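Report on one structure; see the data block that follows.
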Ligand SMILES: Cc1cc2nc3c(=O)[nH]c(=O)nc-3n(C[C@H](O)[C@H](O)[C@H](O)COP(=O)(O)OP(=O)(O)OC[C@H]3O[C@@H](n4cnc5c(N)ncnc54)[C@H](O)[C@@H]3O)c2cc1C
Ligand SMILES: NC(=O)c1ccc[n+]([C@@H]2O[C@H](COP(=O)([O-])OP(=O)(O)OC[C@H]3O[C@@H](n4cnc5c(N)ncnc54)[C@H](OP(=O)(O)O)[C@@H]3O)[C@@H](O)[C@H]2O)c1
């Protein structure tokens, strides 16, 4: 159990909420290195627990028994052990089985018979929404039997223990949205955004060690870091560490966010590092500050010649952040750079990036989610 000792917003003036958290590890004996992540076990919001209990017409002190919890109150189980902010397929199947109205039963079965429809339906709903549309009676025990247990969430650590002994810092994008006229939060990010009282709240955490996403042992090696959004987190740790260990290798940071004014995370720290000579280059891509979107991969391509030079000189290349789109696009940009500036055919460029750089030389490292 670790105390949260500071929490503040780093996206002031933006519609997005991204927060910086400082968590104390003092006295725990827990150690970490730059590149590691922090695992955090969240709990649900009490408001949602109460609404859900009301929806199934149960009482908070009703007793349920599960292999995860033993005998506990329904309120305890829903608050601490089961996901209730997003619905699962198992519950929808149970609803279909229980429905007696033929038309409604058919409707739910049609959703369940199509994978895309099921995904789309469940993506925007929690259990209250489903029961609003298809009310069937669940006993408290039946209800919890159809839920999925809470699993911990990982966050890339954004501090170096050399710069902040006894502390772990996190950079967290709060997942929040409004569906069917109700404000919603992601489970863990909602917990962090709404429950934390600085210097009071303790949260259950553990370190998830990385084997590969590490700073080069040779301090004279140059590094290129691409970290848009919360992808910046481990690179703050890397830079703090390289500064604390007086690493002579050059550091080049690519950062992207929506607006320079509101979401230039840790700007002052980067400018200070540049002044001190620890950050050789800082290249930014603020996607919505102009009509046409500019992303980090556009900046990589326009700096292709120099990136290629750094890579030929032994630089490591790191990516952190969104896996679904950004990491794939940055990967493609890297291949284009090898094609254009390494004068390689597409196949050779692909082989160089995927095989040589990534698998043989272990100089292309990713922490994407
Ligand atoms: C190795 C690793 C490192 C990570 N590092 C970081 C980090 O440094 N910072 C960080 O912020 N995150 C990081 N993450 C992501 C983090 O672990 C969580 O996945 C994230 O914070 C969301 O968790 P949650 O419990 O709040 O949301 P959940 O309750 O799990 O819900 C998230 C889901 O909500 C859905 N959703 C989003 N918007 C909507 C909408 N409008 N309507 C319906 N559904 C929606 C999304 O599809 C998403 O699947 C990392 C993940 C990994 C694996
Ligand atoms: N499942 C999804 O659809 C999805 C998408 C993105 C992020 N996420 C998740 O949302 C969480 C928070 O994200 P975040 O706040 O860290 O930042 P983010 O949403 O990843 O955004 C950071 C910056 O990256 C830009 N971006 C969007 N698409 C890009 C692409 N294909 N290539 C390069 N840059 C791109 C964004 O621009 P614009 O927003 O202006 O386009 C923004 O300027 C993370 O957990 C992330 O994995 C999920």
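Residue numbers (the numbering used here): 193 to 561. From the three backbone atoms N, C-alpha and C, an ideal C-beta is built for every residue, glycine too. Keep in mind the model is a prediction, meaning the values are calculated, not measured.
First through last residue of the alpha helix (DSSP H) which encompasses residue i
i	result
residue 272	266-272
residue 379	379-387
residue 455	452-455
residue 428	425-436
residue 538	538-543
Contact check, residue i vs residue j, beta carbons under 7 Å
i	j	result
residue 233	residue 399	no
residue 490	residue 472	no
residue 388	residue 199	yes
residue 384	residue 364	yes
residue 299	residue 288	no
residue 395	residue 507	no
residue 492	residue 525	yes
residue 503	residue 474	no
residue 441	residue 488	no
residue 527	residue 542	yes
residue 241	residue 217	no
residue 303	residue 310	yes
residue 510	residue 557	yes
Counterpart residues of residue i in DSSP-defined beta bridges
i	result
residue 199	213
residue 263	257
residue 363	212
residue 341	274
residue 319	In DSSP, residue 319 forms no bridge with anything.
residue 230	347, 399
residue 511	418, 558
residue 477	448
Span of the beta strand (DSSP E) around residue i
i	result
residue 242	Premise fails: residue 242 lies in the alpha helix (DSSP H), 238-247, not in any beta strand (DSSP E).
residue 417	415-418
residue 370	368-371
residue 448	443-449
Residue i burial status per 10 Å Cβ neighbour count (16 or more: buried)
i	result
residue 554	exposed
residue 418	buried
residue 348	buried
residue 321	buried
residue 236	buried
residue 420	buried
residue 483	exposed
residue 390	exposed
residue 306	exposed
beta-carbon residue i near ligand 3 non-hydrogen atom, thresh 6 Å
i	result
residue 561	Although ligand 3 was asked about, the structure shown includes only ligand 1 and ligand 2 as ligands.
- Is it true that the stretch 327-347 meets the stretch 196-208, where meeting means three or more beta-carbon pairs spaced less than 8 Å apart? no
- Message: Measuring CB atoms only, is the stretch 266-280 touching the stretch 377-388, in the sense that at least three cross pairs come out at less than 8 Å?
- Response: yes
- Cβ pair count under 8 Å reaching 3, the stretch 424-434 against the stretch 455-467: yes
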